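Below is one structure; the comments refer to it alone.
Number of protein chains: 2
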Amino acid sequence: MADIKSGTPTLYLRDEELRKGIELLYFAYRDHNGVPDEILAEYGFGRAHHRVLHFVARSPGLAVSELLGVLRITKQSLSRVLKELVEKGYVRQETGARDRRQRPLYLTDKGSELERRLSAVQRERMARAYREAGAEAVAGFWRVLFGLIDADGRDAIKTFIEKP
Amino acid sequence: MADIKSGTPTLYLRDEELRKGIELLYFAYRDHNGVPDEILAEYGFGRAHHRVLHFVARSPGLAVSELLGVLRITKQSLSRVLKELVEKGYVRQETGARDRRQRPLYLTDKGSELERRLSAVQRERMARAYREAGAEAVAGFWRVLFGLIDADGRDAIKTFIEKP
DNA sequence: TAAATAAGTCAACATGGCTGACATAAAATC
DNA sequence: GATTTTATGTCAGCCATGTTGACTTATTTA
């Protein structure tokens with residue numbers, strides 16, 4: 001209705017396109033995490049555990065503070081899941097070589113195994129989507145997702161992901 | 165390190181590409197919901213309320229069972245947020261015309277206002293990402309996201325979104 | 001008339017965010 | 001060398017939102 005007054009008819013199409021992105025993002029994100037959630041439940045874990053496993057697998061030796069920066073949660077929230085992962089033998093903490101206050105994080109063999117199991121189902125789904133959509137679509141997928149990330153978020157992930 | 169032993173160099177690129185999609189999806193989804201979450205908090209609402217507002221705005225007159233089907237949550241979970249939205253005057257429930265057991269959902273003026281406020285910030289961010297990425301990228305974005313959705317999920321959203 | 005369906009409700013539990021306060025060890029600074 | 005800052009950990013409690021299970025009411029369908 002605001003559209004009628006605004007006199008910019010192209011806005012209709014535009015809004016429809018924006019809404020489509022918003023909804024697809026919601027449904028895709030949900031289904032992308034569906035199977036991993038079921039697997040995690042077998043272990044008494046949740047999505048938060050998965051994130052820790054993912055980023056520790058991604059950057060072995062990651063400091064706790066670095067992980068906090070990536071996840072953008074409080075240390076109390078992280079502590080809860082990290083503690084469980086360490087106690088159950090999925091994550092190992094060493095003492096920092098340069099700075100002995102730090103506790104660099106590593107996956108144990110058991111942790112690597114679970115991480116691979118979880119990421120396998122996500123990678124398979126992602127691979128299927130890539131295959132169905134084609135290489136050009138994949139490049140566009142990355143570009144738009146990157147554009148959705150906050151300015152400081154883009155900065156924070158620079159070490160992980162180069163600008164697509 | 166496992167990679168060095170595996171001897172399948174083509175796998176590197178592929179896995180890197182899949183991981184990139186997985187991580188970008190995580191960061192983009194998080195930031196996409198950041199500002200709306202803050203706005204919702206002003207009203208004492210959460211993301212679940214936003215979803216209800218979104219889909220009721222999207223399909224006025226939606227039956228409760230249809231909303232449950234789209235959101236894929238239990239009616240007890242929905243009940244909690246729907247009740248609040250109705251009590252606080254953001255959502256209105258009528259009695260179904262054809263089937264009087266149904267309670268078609270509509271946004272009140274107040275509800276529409278909030279929904280527009282929430283969707284505005286998401287649409288602005290999405291528009292910025294579209295603009296930065298270009299029209300071709302947007303098409304690819306849709307195609308890959310669609311491919312990430314479960315087979316039955318694709319079915320369920322047919323009424324909302326045509327296959328990109 | 002009986003059975004199925006749409007919606008609502010109560011209770012209890014789990015996950016994973018949050019704030020606030022405080023403790024310890026190590027590094028950095030004065 | 002003493003002090004301050006930093007990295008990490010911990011306790012306690014709150015909130016939002018998902019779950020299961022059991023049960024009710026009104027209405028439609030068979």
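Line order of the protein sequences matches chains A and B.
Be aware that the first sequence starts at 1, since it is given in the numbering used here, and climbs by one per residue.
Be aware that the second sequence starts at 165, since it is given in the numbering used here, and climbs by one per residue.
For every residue, glycine included, the Cβ atom is placed at its ideal position computed from N, Cα and C.
Treat the numbers as computed from the prediction; the structure is a model and nothing was measured.
| Asked | Found |
| --- | --- |
| Beta strand (DSSP E) runs contained entirely in the stretch 249-321 of chain B, provided each spans 3 or more residues | 255-257, 269-271 |
| Bridge-paired residues (DSSP) for Leu226/B | Leu269/B |
| Assigned secondary structure, Pro36/A (DSSP; H/G/I helix, E/B strand, else coil) | helix |
| Integer Cβ distance of Asn33/A from Arg47/A, believed to fall under 8 Å | 6 Å |
| Rounded C-alpha distance that separates Pro104/A from Ser243/B | 44 Å |
| Supposed contact pair Leu217/B and Gly275/B - C-beta distance, whole angstroms, cut 8 Å | 6 Å |
| Tyr207/B - DSSP class collapsed to helix/strand/coil | coil |
| Segment contact, 8 Å Cβ cut-off, at least three pairs: the stretch 290-304 of chain B with the stretch 132-149 of chain A | yes |
| is_contact[Phe209/B, chain A] using C-beta, thresh 8 Å | no |
| Rounded C-alpha distance that separates Leu62/A from Glu16/A | 42 Å |
| Contacting residues, own chain, Cβ-Cβ under 6 Å from Ile325/B (five flanking each side not counted) | none |
| Below-8 Å beta-carbon distance, Lys163/A vs any chain B residue | no |
| Under 8 Å from the C-beta of Asp150/A: neighbouring residues of chain B | Asp195, Gly198 |
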